[in-house]
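Whatever position you read off the sequence shown (first residue = 1), add 5 for my numbering.
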Amino acid sequence: MTALTPRTLHRLSLLAILACSVSPRVVHAQAAARPEFVQQILFVAPFKTTGDRRLGLRVADEMRGALRRTGDRRQLAVVGSDSAERMLKAGGFPRAEEARELDVVWVARLSRADEVLVGEVRPTGDTLEVRATLVLVRDPRVREPLPPVRGVGAEQAANALARMVVRARAQSDDVRRCENLARASSVGPAIRAAERAIAAFPTSLLARNCLVRILATQPGLQDSVLRVAAYLIARDSLNIIAHTMRARALVGANAVTAWQRVVYLKPDSVELGLEAVETFLRLGRPETALQ
């Protein structure tokens with residue numbers, strides 16, 4: 006294990022202090038009045054941009070304010086711009102908007118955030134186009150690339166993005182129900198929860214990630230697994246969950262190609278690597294296993 010340097014320890018101490026300054030979750034006085042799920046915390050990272058970096062910072066900050074005005078505060082708290090940027094800088098990113106997605110998730114986890122929003126602002130003529138992705142801190146593999154939004158100026162673009170985030174989060178409770186029911190091996194109710202989440206946000210990837218994993222546990226549903234996995238991959242080509250479920254559902258030469266893609270996307274996973282090798286050997290492709 007690599008020893009922690011004094012500089013790294015100092016950064017971790019700063020991050021811990023900053024995390025304590027973030028508003029805590031809402032605690033209700035009476036247990037009987039508690040909702041099914043506690044308030045979620047959203048960490049909005051400074052947005053990247055192809056132009057003036059201040060534009061990305063401004064749109065992200067405007068979006069935080071718009072989301073506080075638009076969203077339900079009982080369900081969602083938004084980490085402030087100062088907290089988000091200070092924590093990223095303390096984590097070793099002087100230009101906070103340049104932090105990678107997984108680095109943002111790591112810092113967000115220290116602030117006890119549940120979700121992360123990362124994005125990029127692209128000036129196109131008189132308008133700004135914002136492409137953003139919602140990432141679950143509890144499982145960063147689960148991502149929701151949002152449809153791009155446009156607006157004239159930072160405020161209009163931020164307002165459009167805030168409305169899109171609210172729409173996307175309409176699925177959140179049923180996605181969490183799906184995950185909880187899946188862990189309890191309650192297949193039917195979990196599938197119905199995923200279907201309700203998709204009805205709430207028809208292009209949902211979060212719900213389909215849960216759905217495809219449930220379907221993959223059931224015999225005879227390979228076609229359904231492949232259909233849902235194809236939808237996920239078409240909208241997020243790096244979705245390792247969808248690629249893995251697809252590889253497990255395929256047979257023959259198609260399975261070999263699919264497992265090669267899984268290993269390419271996740272070369273650091275020993276578990277997936279071993280599963281791929283076992284598949285190659287079972288299919289009589291030892292030369293592929295040795296590559």
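Think of the CB as a built atom: it goes at the ideal place given N, C-alpha and C, for glycine as much as any other residue.
For S242, is the classification buried or exposed, using 16 other Cβ atoms within 10 angstroms of its Cβ as the cut-off for buried?
Counting from one through the sequence shown, the residue named residue 242 turns up at place 237. Counting Cβ neighbours within 10 Å, S242 comes out exposed, since fewer than 16 surround it.
Can you pull the DSSP bridge partners for G124?
On the sequence shown, residue 124 is found 119 positions in, with the first residue counted as 1. Paired residue(s): A137.
Measure the CB-CB distance between V123 and V135 and report whether it falls below 8 Å.
Numbered from its first residue, the sequence shown carries residue 123 at position 118. Numbered from its first residue, the sequence shown carries residue 135 at position 130. No.
When burial is assigned at 16 or more other CB atoms within 10 Å of the CB, is V112 buried or exposed?
Here the question's residue 112 lines up with position 107 in the sequence shown. Counting Cβ neighbours within 10 Å, V112 comes out buried, since at least 16 surround it.
Spatial distance of Q35 from G225 (CA atoms):
Along the sequence shown, one-based indexing puts residue 35 at 30. Along the sequence shown, one-based indexing puts residue 225 at 220. Because Q35 carries a pLDDT of 40, less than 50, the predicted location of this residue cannot be relied on, and the following value inherits that uncertainty. CA-to-CA, the gap between Q35 and G225 works out to about 46 Å.
Short check: CB of A165 to CB of V64, under 8 Å?
Here residue 165 refers to the residue found at position 160 of the sequence shown. Here residue 64 refers to the residue found at position 59 of the sequence shown. Taking 8 Å as the Cβ cut-off, A165 and V64 do not qualify as a contacting pair.
Which residue comes first and which comes last in the alpha helix (DSSP H) that contains V180?
The residue you call residue 180 lines up with position 175 of the sequence shown. From DSSP, the alpha helix (DSSP H) with V180 extends over 177-188.
Run through the DSSP bridge pairs and tell me what P150 is partnered with.
The residue given as residue 150 occupies position 145 in the sequence shown. Its beta-bridge partners are T138.
Counting along the chain, where does the beta strand (DSSP E) carrying F1 start and finish?
Absent from the model: residue 1. The displayed extent of the chain is 6 to 296, so no value can be given.
Buried or exposed by the 16-neighbour rule on C-beta atoms within 10 Å, applied to G257:
Position 252 of the sequence shown, counted from the first residue, corresponds to residue 257. Exposed, by the Cβ-count rule.
Using DSSP with H/G/I as helix, E/B as strand and the rest coil, what is L270?
Numbered from its first residue, the sequence shown carries residue 270 at position 265. Under the three-state reduction of DSSP output, L270 falls in the helix class.
Can you say whether P207 is buried or exposed, counting buried as having 16 or more other CB atoms within 10 angstroms of its CB?
Taking the first residue of the sequence shown as 1, we reach residue 207 at position 202. Counting Cβ neighbours within 10 Å, P207 comes out exposed, since fewer than 16 surround it.
Grab me the residues of F285's own chain with a C-beta within less than 6 Å of its C-beta, minus the 5 sequence neighbours each way, in chain order.
Residue 285 sits at position 280 when you count from the first residue of the sequence shown. Answer for F285: T293, A294, listed in chain order.
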